[in-house]
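Here the UniProt record's numbering is used: the first residue of the sequence shown is 1, the next is one more, and so on.
First comes the structure, then the notes that go with it.
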Amino acid sequence: MNTIRILLLSSVFFLGCTQEKDTGRLKDQSAIKSLLSKASDATETPGTRLRYANQAYQLVEKSDAAKSEDIFELAQTFFELGEPKKYFDLSKMLYRKSMAAHDQIRIAESSYCIGNYFYNEANYDSAYYYYTKSEKFLLNIKGRKSTAAFIKNIKADILSFKKDYVQAERLSIEALKVAKQEKYDLVTYNCYITLGNSLAGLENYDKAIEYYQKAIGVSDNLKSDSQYQALRVMPYNYIASVYRKKNDPANTIKIAKQALAFDDFKKSNSAVYCYLVNNLAYGKFKLGDPTALKQFTETLHIADSLKNNPIQITSKTYLGEYHLAHGDTTAANGYLKQAQTQAHRFHIFDDELKILQLLAEANPQEKSYYSNRYIALSDSLQVVERATRDKFARIEFETDEIETERNSLSLKTEYLSLQRWIIAAIAVFSIVIIVLWYVNQSNKAKTRELLLKQEQQKANEDIFQLMLDQHQKIQEGKNIEKQRISLELHDGVMGKLAAVRLNLYAMLYRANLIEDDAFSSQIEEIQSVEQEIRNIAHDLNANILSDNSDFIAIVKELFAKIENHSQIHFSLEVSDSVNWDLINHTIKINLYRVLQESLHNIEKYADAKHVAVAMSKTESGELEVTISDDGNGFNTKQKKNGIGIQNMKVRAAELGGRFEIWSEIKKGTKVSLIIPI
């Protein structure tokens with residue numbers, strides 16, 4: 001029954017275990033996961049599940065991509081499928097991987113699995129060692145006290161089996177305190193069972209029954225467990241066994257019948273069925289009920305099919321005792337000798353001692369032989385029990401070194417964790433410094449860019465002002481020259497012509513030729529020349545007073561420069577509605593740059609012959625400038641992000657204006673700039 005309890009509780013150890021982080025190698029991991037899913041499918045046949053499990057095992061062996069939880073799950077699958085060797089190999093693999101990673105939880109987990117293997121192989125010393133190692137690692141891990149208590153109680157089971165009942169009771173009580181504190185019903189239940197077994201071993205039967213009944217009470221809280229029926233019936237079987245040992249057949253039968261009524265255990269759990277029926281049949285045998293023979297025979301037949309050695313030994317022993325009581329020593333010896341050989345082989349010495357007593361009774365002529373064997377075995381068992389107690393005490397002492405190892409690992413883990421935190425802090429600090437430096441540099445760059453823009457704007461204004469000053473000086477020179485020419489024409493040339501005309505008129509009058517048409521027409525012609533000169537002089541003075549075309553002159557100069565080295569002919573149309581004196585220098589500068597960029601693009605790419613520039617005022621009072629050419633044109637969708645176009649858009653945006661461009665292949669290009677003034 002102890003093996004059944006280990007199987008029932010093996011999964012409890014891992015409830016709440018943390019998941020291992022994904023380390024990559026997704027392909028192998030995915031394949032392992034897929035095979036594990038199929039191997040764990042209870043609807044498949046054991047053979048099919050084993051095939052998938054073996055495929056997963058091969059992947060795990062050749063690849064380091066398997067996660068710890070996958071290794072554990074595969075190990076459990078092999079355990080369920082009756083492959084203890086592979087279960088053991090995978091448990092050792094998990095142990096090595098966990099030690100290399102300094103993973104304390106995984107070390108505890110793998111140690112527990114190895115302990116399970118040795119427990120089921122009846123190698124209790126090694127099982128006790130690995131269970132102790134697992135417990136020591138778990139004791140100071142937050143949230144693992146109940147798991148440590150669970151393992152402590154398994155150790156108590158081993159001590160009880162080895163007849164160290166006092167130490168078994170001590171460990172179970174320690175585990176029970178934690179289980180109650182943590183409200184861990186399954187471990188509490190297990191502790192009550194172990195305490196009952198220990199007290200029964202000390203022949204404190206009434207107290208043992210009391211703990212078994214407490215286990216029955218706790219089992220009501222385990223109804224959600226998949227093994228609930230087995231958990232529910234187990235205390236009843238132990239109580240029936242205690243009544244059997246007390247030689248109380250009536251209560252043995254009563255308790256066994258109650259337990260058998262819970263479920264059809266013959267179908268659901270054959271091993272449990274055999275334990276209960278053997279107790280029931282033994283009670284009947286003691287009361288003289290002949291149906292006991294049939295039931296003993298039935299349990300032996302089931303045990304043979306299960307290859308369950310403990311049940312086989314019990315059934316054969318009871319059959320031997322039954323036949324001995326009914327005087328059939330031949331049949332009795334047959335069953336008892338088989339049972340004795342089997343018990344000795346599998347080290348079930350308590351049963352062997354009882355069998356030796358029955359053999360001595362069945363063979364009076366060999367009584368001394370069997371009695372001496374009984375005494376020798378009993379004495380050797382006492383020596384072994386003392387040695388075992390010392391060995392388990394030594395294991396507890398030696399595993400204190402594991403506590404030191406665990407503390408060392410813990411300190412190392414803390415150091416590594418601190419190191420990681422320091423590295424992370426340095427990294428974060430460095431990133432912050434870099435970000436701050438970048439922001440500072442970015443701000444400086446933006447400041448420099450702003451200053452450069454301001455300087456460029458100032459330089460542009462200065463350049464434009466210089467251009468205006470230059471044109472102003474040129475214009476002043478022109479005006480002075482115009483005024484001088486106007487004065488010369490008006491006061492000098494025209495005066496001299498008037499004097500010549502008057503002299504001619506006087507001379508003709510004295511010569512009496514004044515009436516001659518030929519002479520008079522020449523005098524009138526001279527007078528006409530005088531009037532023409534007067535008009536020219538007046539026009540020159542009028543231009544001096546009305547010329548405000550400095551910006552337009554600069555634009556015309558730009559046209560002239562391009563015309564000097566190209567075949568392009570420019571036309572300029574400027575509306576009188578635009579008063580250039582009222583337009584600020586910033587607008588003029590940016591407008592000039594747009595004209596300059598646009599004309600540069602036309603000269604470079606358009607292959608145009610004629611360019612028309614028009615400047616006018618819109619109805620809303622905005623300045624509209626259009627530049628049209630008859631060049632090659634282009635696809636505006638493909639070249640809309642060209643540097644030249646972008647520059648013109650930026651300048652328009654700086655003025656709060658709108659920039660648009662239309663173009664078609666072989667049909668020229670038109671640029672429109674509308675600026676608020």
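Each residue gets a CB set at the ideal place from its N, CA and C atoms; glycine is no exception.
- Nearest to Q76 by C-alpha distance, out of A56, D64, F346, is A56.
- CA-to-CA, the gap between E203 and Y228 works out to about 29 Å.
- Just so you know, the alpha carbons of A560 and V611 end up roughly 12 Å apart.
- The criterion of a C-beta distance shorter than 7 Å is satisfied by A608 and D630.
- Distance check between A553 and each of Y592, E525, K284 places Y592 closest, using alpha-carbon atoms only.
- Ranked by Cα distance from G668, the first of E603, A331, K478, Y318 is E603.
- Around the beta carbon of N190, a 10 Å sphere encloses 16 or more other beta carbons of the protein chains shown; the residue is thus reported as buried.
- Taking C-beta separations shorter than 6 Å and ignoring five residues to either side along the sequence, the partners of I239 in its chain run I209, Y212, I255, following chain order.
- With 16 or more other Cβ atoms from the protein chains shown falling within 10 Å of its own Cβ, G201 counts as buried.
- Per DSSP, A261 is not a residue of any alpha helix (DSSP H), being assigned neither H nor E.
- The beta carbon of Y165 is closer than 7 Å to those of S198, G201, L202 in its chain, skipping five residues each way along the sequence.
- Partner residues in the beta bridge of I627, as assigned by DSSP, are V613, V671.
- The C-beta separation of K214 from Y192 comes to about 5 Å, placing the pair in contact by the 8 Å criterion.
- Nearest in C-alpha terms to V625, of all of A261, G644, Q567, V555, is V555.
- Put simply, the backbone Cα of E73 is about 15 Å away from that of K97.
- Cα atoms of A511 and K496: separation of roughly 22 Å, rounded to the nearest angstrom.
- The DSSP-derived three-state label of R144 is coil.
- Per DSSP, reduced to three states, the secondary structure at I32 is helical.
- For N237 against N279, the beta-carbon gap comes to about 7 Å, under 8 Å, which counts as contact.
- Excluding five sequence positions before and after V578, the CB atoms of its chain that fall closer than 8 Å to its own CB belong to M615, S616, K617, L623, given in chain order.
- With contacts defined by Cβ atoms closer than 7 Å, S663 and G633 form a contacting pair.
- A292 has its alpha-carbon roughly 58 Å from the corresponding atom of A101.
- DSSP, reduced to helix, strand and coil, places F570 within a strand of the structure shown.
- Non-local beta-carbon contacts of V613 in its own chain, meaning distances under 6 Å to residues more than five positions away in sequence, involve L572, I627 in chain order.
- In this structure the segment 311-318 lies against the segment 339-351, because at least three pairs of beta carbons, one per stretch, are closer than 8 Å.
- Look at I434 here: in three-state DSSP terms it is helix.
- When DSSP states are grouped into helix, strand and coil, S226 belongs to the coil group.
- One alpha carbon belongs to A281, the other to A261, and they sit about 15 Å apart.
- CA-to-CA, the gap between V277 and Y205 works out to about 21 Å.
- I114: member of the alpha helix (DSSP H) spanning 104-120, first to last residue.
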